[in-house]
Amino acid sequence: MRLSRYFLPVLKENPSEAQIVSHRLMLRAGMIKQSAAGIYSWLPLGFKVLRKIENIVHEEQQRAGHIPMLMPTLQSADLWKESGRYDAYGPEMLRIKDRQDRDMLYGPTNEEMITDIFRSHVGSYKDLPLTLYHIQWKFRDEVRPRFGVMRGREFLMKDGYNFDLTKEDALHAYNRHLVSYLRSYERMGLQAIPMRADSGPIGGDDTHEFLVLAETGESEVFYDSQITELNFGDREIDYDSIEQCQSVLEEFTSRYARTDETHDAALFEEIPEDRRRTARGIEVGQIFYFGTKYSEPMGATVQGPDGKPVPVHMGSHGIGVSRLVGAIIEASHDDKGIIWPEGVTPFHVGIVNLKQGDDQANGACDALYDSLKALGLDPLYDDRDERAGGKFATMDLIGLPWRITVGPRGLKNGVVELTSRRTGESEEMAPETAVERLAGIYRGIV
Ligand code: P5A
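Under the numbering used here, the first residue of the sequence shown carries the number 10, and numbering increases by one thereafter.
Written out as structure tokens, the structure is:
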């Protein structure tokens, strides 16, 4: 993309309404625009990052054997009356009447709707196990929408639902989700720690939240510092293997890590003092096992091996897709702006032309741009007629992890400069070498 033809409405001033750094930087970098309290338009740069996160989630869900679909945002209240949650959900639910005076709502989650789909089409235990998911907008009329996309009223969630014959099978689905979530967050450049949590209005016994440590996090968390040394890495997992998924769960949940709702001071005290940590965390996902909580009242049964109908065991699993955009920025920025991890960056590399209009500089930039594109990379070429300082400031603000700087002086010696946004280190090299370097950096990502 050429910046002169793009839509990147960056702000020079710090917006006064933004209390935390991710909100401020998202507004300044022209990623979002508020349209009402807790409701945002995703401008092109923000939309690109949102899509990257969505794609990672899709890939990892399907790797785990979960099946994508799409349910509507608007729901009929009838299903919620059946499950008993229509009243229980309270004022967080946005209730709407259609022209026939029917009770509708903008879905805050989809347990009821998916259970209805299941009971309409699945009749036998032979069709299990089954896990369906979608990535769809949700609405929760939060009392205090704040921090930009981190606590929105309208927000994008990946929500998945498993249907199993036995509790044991459903727990395997739970473990499979835990593993696939760890992988997903790591691909986004995040360390998200699974913590035992409270199940709230979703219900159920077993639940873990995934938290990214950040000063501005809304949850207070307590953990053993050893847990932050764990990472998933590039190990291959057979998602069908009960033992493998179970062992990852045990590894990642063997140390104390809890949110304030389930914090147990006595247990915490048992950790050696130098390893005890209290911090803030951003909740970027949560997984639940709730057994037959919805299947029983809604009659979601299958015929078991003995021919008798049994209610299915279920769980649900959510990732805060739009919240993650903010969470990644909270975890990765400096005083100049955002620093995108390679896995989610809106463009792979920025090209800064120090002398727009100069034949040689323009030619070198065009050639770089074409060869990067030919390799499947997505460069952003700042071809505006602007001062170098302004171009650098924009690149730093929008946070592309790599920058190639092209100017007449370097070109005389046959070199351009490749700069890392994270370390600030620059290196001079031939343009072809810069392209090769970038191809290497993004191998396995693009
Ligand atoms: C699990 C999927 C559920 O709703 N039902 C379907 C279950 N879980 S949850 O924990 O309530 O939400 C899942 C994730 O969505 C994000 N989230 C939000 N993001 C932005 N703004 C909000 N107001 C908001 N509320 C929830 C969180 O990341 C949460 O973990």
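Each residue gets a CB set at the ideal place from its N, CA and C atoms; glycine is no exception.
Worksheet item: With burial defined as no fewer than 16 other Cβ atoms inside 10 Å of the residue's Cβ, what is the status of residue 16: buried or exposed?
Response: On the sequence shown, position 7 is the one that residue 16 refers to. Label assigned to residue 16: exposed.
Worksheet item: If you scan the segment 144–215 from start to end, which runs of the alpha helix (DSSP H) of 4 or more residues do you find wholly inside it?
Response: For the segment 144–215, whole alpha helix (DSSP H) runs of length 4 or above, ordered along the chain, are 176–196.
Worksheet item: Between residue 416 and the rest of its own chain, which residues show a CB-CB distance below 7 Å, the 5 nearest in sequence each way excluded?
Response: Sequence index remark: in the sequence shown, residue 416 carries index 407 (1-based). The answer, listed in chain order, is 363, 364, 370.
Practice prompt. May I ask you to check if the CB of residue 93 is nearer than 7 Å to at least one heavy atom of the ligand P5A?
Written response: Within the sequence shown, residue 93 is the residue found at index 84, counting from 1. No - the ligand P5A has no heavy atom lying nearer than 7 Å to the Cβ of residue 93.
Worksheet item: Does the pairing of the segment 306–324 with the segment 249–256 give three or more beta-carbon distances under 8 Å?
Response: No, the segment 306–324 does not touch the segment 249–256.
Worksheet entry | Cβ contact (3+ pairs, closer than 8 Å) linking the segment 19–26 and the segment 332–345 | With a cut-off of 8 Å, the segment 332–345 and the segment 19–26 do not count as touching, because too few Cβ pairs lie within range.
Worksheet item: Can the beta-carbon of residue 430 be found less than 8 Å from the beta-carbon of residue 409?
Response: Along the sequence shown, one-based indexing puts residue 430 at 421. Along the sequence shown, one-based indexing puts residue 409 at 400. Yes.
Fill in: Nearest neighbour of residue 93, chosen from 368, 306, 264, 372 [CA to CA]
Along the sequence shown, read from residue 1 onward, the residue named residue 93 stands at position 84. Checked all of 368, 306, 264, 372; the closest Cα to residue 93 is 306.
Worksheet item: Over what stretch of residues does the alpha helix (DSSP H) that includes residue 29 continue unbroken?
Response: Position 20 of the sequence shown, counting from 1, holds the residue named residue 29. Note, residue 29: premise wrong, no alpha helix (DSSP H); not H, not E.
Practice prompt. With DSSP collapsed to three states, give me the class of residue 51.
Written response: Position 42 of the sequence shown, counted from the first residue, corresponds to residue 51. In the three-state scheme derived from DSSP, where H, G and I count as helix and E and B as strand, residue 51 is classed as strand.
Worksheet item: Quick one: what does DSSP say residue 268 is sitting in, helix, strand or coil?
Response: Within the sequence shown, numbered from 1, the residue matching residue 268 stands at position 259. DSSP places residue 268 in strand when its eight states are reduced to three.
Practice prompt. Verify the contact flag: residue 342, CB atom, against every heavy atom of the ligand P5A, threshold strictly below 7 Å.
Written response: Here residue 342 is taken as the residue at index 333 of the sequence shown, counted from 1. Residue 342 has its Cβ no nearer than 7 Å to any heavy atom of the ligand P5A.
Worksheet entry | residue 393 versus residue 38: straight-line alpha-carbon distance, rounded | Stepping through the sequence shown from its first residue, residue 393 is reached at position 384. Stepping through the sequence shown from its first residue, residue 38 is reached at position 29. One C-alpha to the other measures close to 17 Å.
Worksheet item: Since residue 80 and residue 123 are thought to touch, with beta carbons under 8 Å apart, how far apart are those beta carbons, to the nearest angstrom?
Response: Residue mapping note: residue 80 aligns to position 71 of the sequence shown, counting from 1. Residue mapping note: residue 123 aligns to position 114 of the sequence shown, counting from 1. Indeed, because the Cβ distance is near 7 Å, the residues count as touching under 8 Å.
Practice prompt. Give a single yes or no on whether residue 44 has its beta carbon closer than 7 Å to a heavy atom of the ligand SAM.
Written response: The ligand SAM is not part of the structure shown, which contains the ligand P5A as its ligands.
Practice prompt. Hey, could you find the ends of the alpha helix (DSSP H) residue 120 is sitting in?
Written response: One-based indexing of the sequence shown puts residue 120 at position 111. Looking at the DSSP string, the run of the alpha helix (DSSP H) that includes residue 120 is 120–130.
Item to complete: Indicate whether the contact test is met: 3 or more Cβ pairs, each with one atom in the segment 41–53 and one in the segment 127–143, closer than 8 Å.
Response: Flag = no, the segment 41–53 and the segment 127–143 do not touch.
Worksheet item: Can we count residue 313 as close to the ligand P5A, meaning its CB is less than 7 Å from some heavy atom?
Response: Looking up residue 313 in the sequence shown gives position 304. No, since every heavy atom of the ligand P5A falls outside the 7 Å radius drawn around the Cβ of residue 313.
Worksheet item: If you drop the 5 nearest sequence neighbours on each side, which residues of the same chain put their C-beta closer than 8 Å to that of residue 46?
Response: Here the question's residue 46 lines up with position 37 in the sequence shown. Within the same chain, Cβ atoms closer than 8 Å to the Cβ of residue 46 are found at 154, 162, the five residues on either side in sequence being excluded.
Practice prompt. Please report how far the alpha carbon of residue 206 lies from the alpha carbon of residue 85, in whole angstroms.
Written response: Here residue 206 refers to the residue found at position 197 when the sequence shown is read from its first residue. Here residue 85 refers to the residue found at position 76 when the sequence shown is read from its first residue. Rounded to whole angstroms, the gap between the alpha carbons of residue 206 and residue 85 is 30 Å.
Worksheet entry | C-alpha distance - residue 57 paired with residue 355, whole-angstrom precision | In the sequence shown, counting from the first residue as 1, residue 57 sits at position 48. In the sequence shown, counting from the first residue as 1, residue 355 sits at position 346. Taking the straight line joining both Cα atoms gives about 5 Å.
Worksheet item: Does the ligand P5A have even one heavy atom less than 7 Å from the beta-carbon of residue 230?
Response: The residue you call residue 230 lines up with position 221 of the sequence shown. Every heavy atom of the ligand P5A is 7 Å or more from the Cβ of residue 230, so no.
Discussion item. Bridge partners for residue 320 per DSSP, in chain order?
Written reply: Along the sequence shown, read from residue 1 onward, the residue named residue 320 stands at position 311. The partner list for residue 320 (beta bridge, DSSP) reads 310.
Worksheet item: Beta carbon of residue 425, beta carbon of residue 388: below 8 Å?
Response: Position 416 of the sequence shown holds residue 425. Position 379 of the sequence shown holds residue 388. Not closer than 8 Å, so no.
Worksheet item: Around the Cβ of residue 441, are there at least 16 other Cβ atoms within 10 angstroms (buried) or fewer (exposed)?
Response: Numbered from its first residue, the sequence shown carries residue 441 at position 432. Residue 441 is exposed by the Cβ-count criterion.
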